[in-house]
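Each number in the working numbering comes from the position in the sequence shown (counting from 1) with 33 added on.
Using N, Cα and C, we set each Cβ at its ideal position, and we do this for glycine too.
Just below is one structure, and these are the notes that go with it.
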Amino acid sequence: MTTPRANFHDLTREALRQLVVRWGFSPVHAARLWAYVYLEHADHWALMPELPARFRAKAESELALTSLPVAAETHSRDGFTRKYLLALPDDRRIETVLMRFTGRVTACISSQAGCAMGCVFCATGQMGFARHLTAGEIVAQALHVNRVLRQATGSLIDYQGSGPGRPPGERLRNIVLMGMGEPLHNYDAVMTAVEILCDTAGLSLGTKQITLSTVGVVPGIRRLADEGRPIHLAVSLHGATQAERAALVPVAKKWPLDELMDACRYYIARQQRRIFYEWTLIEGKNDTPEQAHAVGRLLHGQDAQVNLIPLNPTTGYAGAPTGREAAKQFQQILRTYGLPSTVRQRRGIDIAAGCGQLATLRS
Ligand code: SAH
Ligand code: SF4
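Next up, the structure:
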């Protein structure tokens, strides 16, 4: 039986270098191979003509290039959002979203096929957990979006004031790990992927351009703090008391609110970095003035920002989104506690590409 090939996109540049040296080749070939894949977007060995034939044959026999073919692509009517259904090698499916805001393009990337956390209002949670993604499968999503941007014949970005006519060839600059899955449940693969994405000899994303959103996996938040990883952290809160939170986010039973708050304060102190708290606004459920005051009291004194997300529709949950006025009132109350907040722009709802809407039939 032949052993399956390792996956190229799972390797950091240093791991690739060591591997190539172990094969008995020069590290220069490793660097060239890396550049082909991450700078020139080569997705096939035949597209790397400058590699010596013997090295290329060895690399091809040992390494597979992850490719995630596009099984379906949908564009929102307003043109701001594109959703890609990507096929994994085991024929499961994941979704990746490209969102265009004024002046920037953001890729929303999945970390798992499905999710084990079961948040009641989330389509991914409603479908259950299939498996973790590998680092390479996470990286390949970013590469896919970057390729789309590079190949676009006009700018996908609406640069306010700079008019049309920006040259083609935008580069991906912002990533949110807010797609399918819970990234801190798949910690090692996600962090390897972040390292690869930020490699300055590759996609060269800034760590400050990456935001990881967690449902509140307490050990993962503490580990992030201890390891000093400089990415942005968003924590999904949704309820300001243990009982209210646990009704929406079942894993709150495992990691209760007071333990979560301890971990968040620890993170802010260790990292000297603010936390973004996410709050899905559900009409009549968690959007009352009393609840806004409870959030204010809970987070008062923390270096925090609250991102309010009016509920997006999913088939498994009947709630309605909070209206504009009630959201504004919620923000006003938060402000009295010194808490800045935003209401997330609704993007891609018509193609089910909004927060919490990502799901695939065959996960
Ligand atoms: N698993 C991570 C990241 C993915 S979800 C997490 O839970 O944080 C990204 C954000 O969308 C989370 O804050 C999540 O609570 C929110 N969300 C999930 N379903 C939603 C829905 N139907 N409408 C609005 N926001 C939703
Ligand atoms: Fe999983 Fe996040 Fe959805 Fe909860 S909101 S089920 S953690 S993807």
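query: Within its chain, find whatever has a CB closer than 7 Å to the CB of PRO373; leave out the 5 residues flanking it on each side and keep chain order.; result: GLN338
query: Does the segment 340 to 349 come close enough to the segment 382 to 392 that 3 or more CB-CB pairs lie under 8 Å?; result: yes
query: So PRO62 and PHE88 are supposed to be a Cβ contact under 8 Å. How far apart are they, rounded?; result: Strictly speaking, residue 62 in this sequence is His, with Pro absent from that position. The pair is a contact, with the Cβ atoms about 5 Å apart (cut-off 8 Å).
query: Using C-beta distances below 6 Å, list every residue in its chain close to PRO283, excluding the 5 sequence neighbours before and after it, in chain order.; result: GLY151
query: Please check the pair GLY239 and SER144, which I expect to be a contact at CB under 8 Å, by giving their CB distance rounded to whole angstroms.; result: Not a contact, Cβ separation roughly 20 Å.
query: For GLY136, count neighbouring Cβ atoms within 10 angstroms of its own Cβ and tell me buried if that reaches 16, exposed if not.; result: exposed
query: When the Cα of ALA185 is compared with those of GLN174, ALA168, LEU205 and THR274, which residue comes out closest?; result: LEU205
query: Quick one: does the C-beta of VAL248 sit closer than 8 Å to a heavy atom of ligand 2?; result: yes
query: Using only the alpha-carbon positions, how far apart do ARG164 and ASP43 sit?; result: 16 Å
query: As an exercise, report each continuous beta strand (DSSP E) stretch of at least 3 residues that is fully enclosed by the segment 83 to 129, in chain order.; result: 103 to 108 and 114 to 120
query: Do GLU203 and ALA267 have their C-beta atoms closer together than 9 Å?; result: no
query: Please report the straight-line C-alpha distance between ALA325 and ALA353, rounded to a whole angstrom.; result: 18 Å
query: Any idea what DSSP makes of VAL53, helix, strand or coil?; result: helix
query: Would you say GLY389 touches ligand 2, meaning its beta carbon is less than 8 Å from a heavy atom?; result: yes
query: Could you tell me the alpha carbon to alpha carbon distance between ARG46 and PRO82, rounded to whole angstroms?; result: 20 Å
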